[in-house]
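Going from the sequence shown to the numbering used here is simple: count from 1 and add 7.
Quick reminder that beta carbons are idealized off the backbone N, C-alpha and C, glycines included.
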Amino acid sequence: MVEQGAPNRCLYIIGAQSTGKTTLANAFEDFYRDKSVRSEAATPTAPTVIREVARKVFKEKGYVREDITASPARALEIQKNILAAQLKSENSAINHAPPSGWYISDRSGLDPIVYAHLFVSEEAATEMLNTEGWRELRKYMKAGVVLLCEAGCRWLVDDGMRMMPEGREQWMKIDGAFRELLDREGISYSVVSKDMESIAERVEFVQEQLKRKN
């Protein structure tokens, strides 16, 4: 049970695979390492960064990528474990941060629900949406800034770990599922356009969204 609500301006960078989420989160972290820019930043304190939660779950549990498609039961188990790990990571960031602290996450509690919806069943996704863990994570997302990195960019790369779309059609289907569930759950979000390829431009866009939240 968390002791306090999520700090304002917490940032979620989400979307389908290989849309530049982790790259953007890392670039934004580097931006805050430069103390000279903090006076002009949306918030003067550097954020905690929550990254690669799913990758850590795969490593700790001994999962392989093929488990996602080999068995619906196995796939659902994976997504439930990722949801639990995301909640644990966010609660840890909240409870150990100073009162003015905040965090960036390169995924959200919605991600495993999207993949459960697409690779298990709609019923499985509904089951996850009805959990206390998701309700807590949804509250955090509604209090923060959610950015959806649009699929269709030119850097789709297979790293051997993530579940990769079989082609552009499936890639866009994942993108659409994120939008559908964000809308269904009443979570406001802004889209990082696939045509915005400059990292500096993307960092500036993030800053603009955070300032609007103030």
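Sort out for me which residues DSSP pairs residue i with in a bridge.
i, result
"Leu155", "Ile21, Val198"
"Tyr110", "Thr55"
Assuming residue i and residue j make a contact with CB atoms under 8 angstroms, what is their CB distance in whole Å?
i, j, result
"Val198", "Leu155", "5 angstroms"
"Gly243", "Leu18", "Because the chain spans 8 through 221 in this model, residue 243 falls outside it and cannot be assessed."
Indicate the three-state DSSP secondary structure (helix, strand or coil) for residue i in the structure shown.
i, result
"Tyr70", "coil"
"Met203", "coil"
"Ser128", "coil"
"Gly140", "helix"
"Thr30", "helix"
"Ser115", "coil"
"Glu192", "coil"
Give me, in chain order, the residues of the same chain whose beta-carbon lies closer than 8 angstroms to that of residue i; leave out the 5 immediate sequence neighbours on both sides.
i, result
"Gly140", "Leu90, Ala91, Leu94, Gly116"
"Val64", "Tyr70, Ile85, Asn88, Ile89, Ala92"
Can you find a C-beta in chain D that's less than 9 angstroms from the C-beta of residue i?
i, result
"Ser96", "Checking the listed chains, one finds no chain D in this structure; it contains a single protein chain."
Excluding sequence positions up to five away, which residues of its chain have a Cβ less than 6 angstroms from the Cβ of residue i?
i, result
"Ala53", "Tyr39"
"Leu189", "Tyr196"
"Val213", "Phe35"
"Asp182", "Ala23, Ala158"
**Asked** Hey, is the stretch 112-124 in contact with the stretch 25-37, meaning 3+ C-beta pairs nearer than 8 angstroms?
**Response** yes
**contact_flag[the stretch 122-130, the stretch 78-87] where n(CB pairs < 8 angstroms) is 3 or more** = yes
**Prompt:** Given 8 angstroms as the limit, is there contact between the stretch 52-71 and the stretch 182-193, that is, 3 or more CB pairs closer than that?
**Reply:** no
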